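S.K.: Submitted below is the structure of interest, expressed as structure tokens.
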Amino acid sequence: MAHQPSMWDVAEQASLSPLGAGVVRHPLAHGAWVDHLPGWVQGSDEVLDVLLGDIGWRADRRQMYDREVEVPRLLRWYAGGEALPHPLLGQARADLDAHYRSELGEPFVSAGMCLYRDGRDSVAWHGDRIGRGRTADTMVAIVSFGSPRALMLRPVGGGASIRFTLGHGDLVVMGGSCQRTWEHCIPKTTKPVGPRVSVQFRPRGVA
Ligand SMILES: O=C(O)CCC(=O)C(=O)O
Ligand SMILES: [Fe+2]
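Residue numbers (numbering that gives the first Met the number 0): 0 to 206.
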């Protein structure tokens, strides 16, 4: 008998909800803001499966005083011209463009990806300040897949930090002066967490 499409097939197909309807903006001090939309992606499992496959993840090494150490996460960088590993990610970039174009004034281009294999993987406090994020307002849009992890933000000059939990299919966008006037990090956790992949869309010249 031919396979009958069922509600389950429909439910499992990755899709995006309309951005305009659900994004909530959190204004921060010093001209920064964070937009948040939990559950932007539905049916995220198939995307996560692809992202956890062999897409060319590599372990970066950094000079740390007199020795070289591996950064505690795996990385994969897609320049604007390179096809993304799942069609939903191309759709996500197009939807982000449509929603933010008038405010951002330019398209999202690159997709940087981080794989946090478990709670020992992390990214330390930083701003995305390689390039124009150092001097100008910009946006970095992050879509999360897999185990929930905390994204922390704190003002550069000191002050209380704030926390967003980024779960499977969630969107956050850091905008305004956020990369210059605030720092962000994904802290390590001793909780037993599975892998998480973050996909960061940035305009040209921002990293
Ligand atoms: O994994 C995340 O959500 C953040 C990654 C990040 O801050 C970066 O790669 O610059
Ligand atoms: Fe960052």
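Every residue, glycine too, gets a C-beta built ideally from N, C-alpha and C.
A quick note: this is a predicted structure, and the numbers were derived from the prediction, not measured.
Flag TYR77 as yes when its Cβ comes closer than 8 Å to any non-hydrogen atom of ligand 1, and as no otherwise.
M.R.: TYR77 Cβ: outside cutoff for every heavy atom of ligand 1.
S.K.: Cα separation between ARG148 and ASP94?
M.R.: Using only the alpha carbons, I get a separation of about 24 Å.
S.K.: By a C-beta neighbour count over all protein chains shown, 10 Å radius and 16 as the cutoff for buried, is GLN62 buried or exposed?
M.R.: Around the beta carbon of GLN62, fewer than 16 other beta carbons sit within 10 angstroms, so the residue counts as exposed.
S.K.: Work out the CA separation of VAL139 and GLY168 for me, nearest whole Å.
M.R.: 16 Å
S.K.: Excluding sequence positions up to five away, which residues of its chain have a Cβ less than 6 Å from the Cβ of LEU208?
M.R.: Residue 208 lies beyond the residue range present for the chain, which begins at 0 and ends at 206; the question has no answer from this structure.
S.K.: I want to check one thing, is the minimum distance from the CB of GLN199 to the heavy atoms of ligand 2 below 8 Å?
M.R.: Correct: GLN199 has its Cβ closer than 8 Å to ligand 2.
S.K.: Quick check: what's the CA-CA separation for HIS210 versus GLY174?
M.R.: One cannot answer for residue 210 here, as it falls past the ends of the chain, which runs 0 to 206.
S.K.: Using only alpha-carbon positions, find the residue among THR188, GLY157 and SER176 that is nearest to THR164.
M.R.: The residue among THR188, GLY157 and SER176 with its C-alpha nearest the C-alpha of THR164 is THR188.
S.K.: Of all the beta strand (DSSP E) runs that stay within the bounds of the stretch 91-160, which reach a length of 3 or more residues?
M.R.: Complete beta strand (DSSP E) runs here, min 3: 107-115, 122-125, 139-145 and 148-154.
S.K.: Hey, out of TRP124, ALA123, GLY166 and GLN90, whose CA is closest to VAL108's CA?
M.R.: GLN90
S.K.: For ligand 1, is there any heavy atom lying closer than 8 Å to the beta carbon of ASP59?
M.R.: no
S.K.: Can you tell me whether DSSP reads VAL49 as helix, strand or coil?
M.R.: helix
S.K.: Is GLU81 helix, strand or coil when you go by DSSP?
M.R.: coil
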